[in-house]
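Numbering-wise, the UniProt record's numbering puts 302 at position 302 of the sequence shown, and it's gapless, one number per residue.
Glycine residues also receive a C-beta, built at the ideal position from the N, C-alpha and C atoms.
Since the model is a prediction, treat every value here as computed from it, not as a measurement.
Everything on this sheet refers to the single structure shown next.
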Amino acid sequence: MAQMLAARLHVPSRTLRMEEVPRPQPGPGEVLVKVEAAGVCLSDVHLIDGTLTPLLLRGDTVTLGHEVSGTIAETGDGVTAWTPGQRVVLHAGEERGGVVHTRGVDYDGGWAEYALSAAGALTLLPDAIPFDQGAIIPDAVSTPWGAITETGAVRPAEAVGVWGVGGLGVHAVQLLRMVGACPIVALDPSPVARERALAAGADLALDSADPGLREAIAAVTGGTGLAAAFDFAGVPAVREQALTVLAPKGRLVLVGLTDKPLNVADGTRFSYLQQRILGHYGSDMPVSLPQLLRLIEGGRLDFSGSISGVLPLAQAAAAVARLEKKEGNPIRLILRP
């Protein structure tokens, strides 16, 4: 049986190992994809450090990687929509038994030379879009896109705030600019991240520890506050801070993941102002991926600057360490088999 290299996480010990494993064979309704690029996400870091734990994984070991692009290598029985050689982006998850399973978390992902996918969990990647950029769309771009257009339902000229200008937050700034949000306020303790936010299209970038933060937001919004606030940091203090600068009927969208409690300091004020807290996870892949790829191909969006480095698959652990330690302040690192 043919073998392949894969980066496998042993969940009980949180140990990431490079292993030679059997190359999977596509079953009925499946395709085998030769991986060309796979993104390294902060969620992968959190899976390794124990902050996140797979809920639906069968067994105790999983190949990481939920941001994946490549070419069709083989098709299983009954697959007629795909042929070998086609360029594709793999969806970050699949529905199984009515429940969404996340690739690289609940089942084997794309930190490998080959990856399996259900035939319906792929989107064609246009020739004009490089594999590196295509790989990051299923999470780093589509997650903020879904948060903005669906969960947060941002409308033109609405004032918005983005807390955490990392791999997802910087794309949120770009996407908010495109949908017409105004003003866009970015908040991050890192000076580099704030500069990145301004370059991406934010109107104002603030240190989240700035004692004059509330006054600055009031000034830029004409005293009304933010119609929508997006937490990409997954930090309880961020969420509590965002609630203090929301406008009446404003909504706080929780995108960053944390297992810590959420506190509403003044429940009466929150109810009186009819504010809302909305949870968000991922996006509707069959809808969002074609939309975003069309916008990129049409020149409306450009994520070439988001690729902060490309490493061989064998250096997966080094890529994780770079992201965890923020060496060079990467937006997205790419693994290439």
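Beta-carbon contacts of residue i that lie in its chain and below 8 Å, excluding the five residues immediately before and after
i	result
Ala318	Leu311
Asp108	Ala6, Pro24, Val62, Thr63, Ala115, Leu116
Asp203	Cys182, Pro183, Ile184, Val185, Val220
Arg196	Val165, Val170, Asn329, Ile331
Distance between beta carbons of residue j and residue i, contact taken as under 8 Å
i	j	result
Val62	Trp163	About 30 Å; that fails the 8 Å criterion.
Leu42	Leu323	7 Å
Leu293	Leu125	7 Å
Val308	Gly328	Just to set this straight, residue 308 is Ser in the shown sequence, not Val. Ser308 to Gly328, Cβ: 7 Å. Contact.
Thr151	His280	4 Å
Pro156	Val179	7 Å
Glu74	Val31	7 Å
Own chain partners of residue i with C-beta closer than 6 Å, once the 5 adjacent residues on each side are dropped
i	result
Ser306	Ile331, Arg332
Lys260	Pro236
Arg194	Asp188, Ala205
Residue i burial status per 10 Å Cβ neighbour count (16 or more: buried)
i	result
Met1	exposed
His91	buried
Pro99	Here residue 99 turns out to be Val, not Pro, going by the sequence shown. Exposed.
Pro26	buried
Pro24	buried
Val20	First, the amino acid is wrong: residue 20 is Glu here, not Val. Exposed, by the Cβ-count rule.
Ala159	buried
Leu56	exposed
Glu67	buried
Gln3	exposed
Gly97	exposed
Pro28	exposed
Arg251	buried
Ala316	buried
Thr80	exposed
Ser271	exposed
Beta-carbon gap between residue i and residue j smaller than 8 Å
i	j	result
Ala140	His101	no
Gln275	Leu246	yes
Ser69	Phe131	yes
Arg14	Gly50	yes
Ile148	Leu175	yes
Leu289	Val89	yes
Ala216	Asp231	no
Ala199	Glu240	no
Residues near residue i in its chain [Cβ-Cβ closer than 7 Å; skip 5 each side]
i	result
Ala233	Trp163, Gly164, Gly256
In chain order, each alpha helix (DSSP H) run of at least 4 residues that lies wholly inside the stretch 130-157: 131-136, 142-146
Any beta strand (DSSP E) of 3 or more consecutive residues that is wholly inside the stretch 196-272: Along the stretch 196-272, the beta strand (DSSP E) occurs as fully enclosed runs of 3 or more residues at 204-206, 226-231, 246-254, listed in sequence order.
Alpha helix (DSSP H) runs wholly inside the stretch 58-144, at least 4 long, in chain order: 131-136
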